[in-house]
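Under full-length UniProt numbering, residues 1 to 403 are what the sequence shown spells out, in order.
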Amino acid sequence: MTNTFEAIVTGATGINGAAIINRLLNEPKCSKIHCVSRSLKEEYPSKVKHYSIDLITSNPEQIAATFQKEGVTNITYAFHTAYKEESEEGEACKTNGAMLRNFVIGLEKSNNKTLKRVVLTTGLKYYGPQFGEVRLPMEESDRRVPESFSGLPNFYYIQEDILKELSANKPWDYVIAMPSDICGVSQGGYMNQAFTIALYAVICKELDEPFYFPGNEKIYKGLNDISYSGLIADFEVWAAQKPETSNERFNIVNGDSHSWSRTWPKIADYFGLKVPKNQFDNWSSLSNKITLSTPPPIRLYQEEMGIKDIPNTEFINHISFPKWIQQDKVKKAWKQIAEREHLDPNLIDTGTWAFCDFTLGRTYYVSASMIKARQFGYHGYYDTFQGFQETFDTLKRGKVIPS
């Protein structure tokens, strides 16, 4: 077949990386897929070749030498999804910036005649929702949240600047994809709220307890974008091959005006649970309420919007997951489930309990415009509950949760 290409994916064992590999396996023009992660967690089809490389500790020369030795010298499109969580944002900037720089320079050195584009996955944290309320809908033309405003750096800005720097006057360019909270799964990759919600649901069922929404009534009734991993992958493979997307940033969300007030009862039905009446009348010792110390990014636009005195943002969790998970009855319930169903008894510790507290405890909405992607010709979308359902089904098939 003419006009075929080879691709490489970093963070191959993560949710985004695994989804991109699966999408490329169904891409007729892709003749070979190379993938990079620190360890191999599953067997791949013959079209896929895995390389165990630590992008933090390996310098560009070492990466280039490995690629040249293994014959990874004909890459057209690179997909960088590798990510390492750090407790401090400054460390996250250093670590994730270094991984991207090491990989891209190493790739350049070994594929200088063929490399056309690097596609980077970042996220809607670009707009600063981690600092509080943001202007809606979030649009790619919105300005960065200055460190002088928030008091904290943002490693997505560091990564974007690295790509701008490294691609300047080069024959390759870049595209940046910015998803919202991600729904999906990979083997051993559970860093998303769908997995944590699934654990919460099966434990509620074991305890014969109602399926309370752990956040608050405002976010429950409002709009909150989700990004299904399969849709993100589909967009990125499309954007990699589209000349017009050169050096552009794009939001990529499901596009279905998602509200937890519709999705939560469907998740309850899926697991055979009931959403209780008056579920937000349950304030207890498990509840939590905090006010962020950081100013909300919407303040950057208050003069333009004609409003003022926007307060710092509250987070309200009627059931705080980090508190809930420490209860003896919860730990005992999961132990019983794991023993009866032959599941991993330690999986409960891998749930992203604090992250879910953040995503479900917001008292503001997260909604991103997809107009730019549509204007460039991408019209994909995904039903959010369908994404959750498919993720839960995959977790069952993988014997992660009870079938």
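Heads up, the beta-carbon is just placed ideally off N, CA and C, and yes, glycines get one too.
Helix, strand or coil at residue i [DSSP, three-state]
{"i": "T73", "result": "coil"}
{"i": "D234", "result": "helix"}
{"i": "K164", "result": "helix"}
{"i": "K289", "result": "strand"}
{"i": "G188", "result": "coil"}
{"i": "R262", "result": "helix"}
{"i": "R362", "result": "strand"}
{"i": "T57", "result": "coil"}
{"i": "Q327", "result": "coil"}
{"i": "Q336", "result": "helix"}
{"i": "V275", "result": "coil"}
{"i": "P353", "result": "Reading off the sequence shown, one finds Trp at residue 353, where the question assumed Pro. W353: helix per DSSP, three-state reduction."}
{"i": "I15", "result": "helix"}
{"i": "D269", "result": "helix"}
{"i": "R144", "result": "coil"}
{"i": "I401", "result": "coil"}
{"i": "S150", "result": "helix"}
{"i": "K125", "result": "helix"}
{"i": "E85", "result": "coil"}
{"i": "F155", "result": "helix"}
{"i": "N3", "result": "coil"}
{"i": "E341", "result": "helix"}
{"i": "L40", "result": "coil"}
{"i": "F321", "result": "helix"}
{"i": "N22", "result": "helix"}
{"i": "F195", "result": "helix"}
{"i": "F67", "result": "helix"}
In DSSP terms, what residue i is bridged to
{"i": "H34", "result": "I8, K49"}
{"i": "D173", "result": "R117"}
{"i": "P179", "result": "I252"}
{"i": "K314", "result": "Reading off the sequence shown, one finds Glu at residue 314, where the question assumed Lys. Its beta-bridge partners are T291."}
{"i": "A368", "result": "M138"}
{"i": "F131", "result": "Paired residue(s): none; F131 is not in a bridge."}
{"i": "Q79", "result": "Note that residue 79 corresponds to Phe in the displayed sequence, not to Gln. Bridge partners of F79: V9, V119."}
{"i": "R299", "result": "Note: R299 sits in no beta bridge, so no partner."}
Residue i burial status per 10 Å Cβ neighbour count (16 or more: buried)
{"i": "E339", "result": "exposed"}
{"i": "D225", "result": "buried"}
{"i": "M1", "result": "Reliability of the predicted coordinates at M1 is poor, the pLDDT of 44 falling under 50, and no value is obtained from them."}
{"i": "R23", "result": "buried"}
{"i": "I337", "result": "buried"}
{"i": "C204", "result": "buried"}
{"i": "P171", "result": "exposed"}
{"i": "T263", "result": "buried"}
{"i": "N111", "result": "buried"}
{"i": "M178", "result": "buried"}
{"i": "N154", "result": "buried"}
{"i": "L395", "result": "buried"}
{"i": "L231", "result": "buried"}
{"i": "I267", "result": "buried"}
{"i": "E108", "result": "buried"}
{"i": "N3", "result": "exposed"}
{"i": "G189", "result": "buried"}
{"i": "R299", "result": "buried"}
{"i": "L163", "result": "buried"}
{"i": "E160", "result": "buried"}
{"i": "D181", "result": "buried"}
{"i": "D344", "result": "exposed"}
Boundaries (first-last residue) of the alpha helix (DSSP H) holding residue i
{"i": "E304", "result": "302-305"}
{"i": "F392", "result": "384-397"}
{"i": "R101", "result": "89-110"}
beta-carbon residue i near the ligand SAM non-hydrogen atom, thresh 7 Å
{"i": "I307", "result": "The model on display carries no ligand, and the ligand SAM is accordingly not part of it."}
Ignoring anything shorter than 4 residues, give me the alpha helix (DSSP H) runs that lie fully in the region 199-251, in order along the chain. 217-221, 229-241
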